[in-house]
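J.: In our numbering, the protein residues as written are 12 to 259.
C-beta atoms are modelled at their ideal positions from N, C-alpha and C, and glycine is treated no differently.
Computed from a predicted model, the values in this text were never measured in an experiment.
#1: With a CB to CB cut of under 7 Å and the five nearest residues on each side skipped, what residues in its chain are close to residue 200?
#2: Relative to the C-alpha of residue 47, which candidate in 41, 69, 29, 63 has its C-alpha closest?
#3: Below 8 Å on the Cβ atoms is my contact criterion, and I expect residue 183 with residue 134 to pass it. Report the Cβ-Cβ distance as a whole number of Å.
#4: Straight-line CA distance for residue 54 to residue 212?
#5: Does the region 97–108 come close enough to the region 123–142 to have 3 or more Cβ pairs within less than 8 Å?
#6: For a minimum of 4 consecutive residues, which ranges assigned as the alpha helix (DSSP H) are wholly contained in the region 114–167?
#7: For residue 115, count neighbouring C-beta atoms within 10 Å of its own C-beta (all shown protein chains included) and say buried if the count is 16 or more, exposed if not.
#8: In the DSSP output, what is residue 40 paired with across the bridge?
#9: Can you give me the C-alpha to C-alpha distance between residue 59 and residue 52, rounded to a whole angstrom?
#10: Output needed for residue 73: all residues of its chain with C-beta closer than 7 Å, excluding positions within five of it in sequence on either side, in chain order.
#11: Which residues does DSSP pair with residue 246 in a beta bridge?
#12: Could you tell me the distance, in whole angstroms, from the CA atom of residue 189 to the CA atom of residue 37?
#13: Could you give the uninterrupted runs of the alpha helix (DSSP H) lying entirely in the region 27–72, keeping only those of 4 residues or more?
#14: Exposed or buried, what is residue 90 when buried is set at 16 or more other beta-carbons lying within 10 Å of its beta-carbon?
#15: When DSSP builds the beta bridges, which residues end up paired with residue 254?
#16: With a Cβ-Cβ cutoff of 9 Å, do residue 193 and residue 140 count as a contact?
#17: I need the DSSP call for residue 18, collapsed to helix, strand or coil.
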């Protein structure tokens, strides 16, 4: 499992989109018992905090201790820095395993073996995430997609393709349950959009390769110029990637 987000953990926590109630409802409707949930690759706890009210105990793990340090605290949540492929959870102890925007970084075979070990016989695994941002404003959308594909294309890690392919090409060796199409929709300020773009791992790779600040990327500068002195909110949408399975 790669750790690309320890650097800039606070910005990641603040700028990444939050999952909706519709996503949470879809996850929970398959879970018959709610003793223990494992949120793996939890990062700064974006999805952990949504699970906390519904389970007696939530174990949230991530390779990055810096990310976990940004997560909100709950009396029934335990945060531990450990790899996805080797947890400290007991065998057949977990009702729900969730992986939010992280499965593409894992060693699939080793992680799924661990999932099979820790899940109860009627347990559920949910892999979720969000795809490429879409903006209602056509010009701004074109600029963001130009940055994503044309400027940063070669700087994305190879695993990013799984997101571009809507998680449909990841291995998923479970009995799969049908899930609906869901989108995340927000009204963002220009600064919120820029903060989100600055969490892109490809920008960090570009910065290292070019030895310059990501803000100096011409395509990003064009977006900054477009947003300069504009106070309106921008309608943004993220398609939700969602796969749900049970032991077969």
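T.: The answer reads as follows:
#1: 244
#2: 69
#3: With a Cβ gap of about 15 Å, residue 183 and residue 134 do not count as contacting.
#4: 14 Å
#5: yes
#6: 119–129, 149–156
#7: buried
#8: Answer by DSSP bridge pairing: none, since residue 40 is not bridged.
#9: 10 Å
#10: 52, 53, 54, 79, 92
#11: 198
#12: 10 Å
#13: 32–39, 59–62
#14: buried
#15: 138
#16: no
#17: Note that residue 18 has pLDDT 46, beneath the 50 cutoff, so the model's placement of it is unreliable and no number is given.
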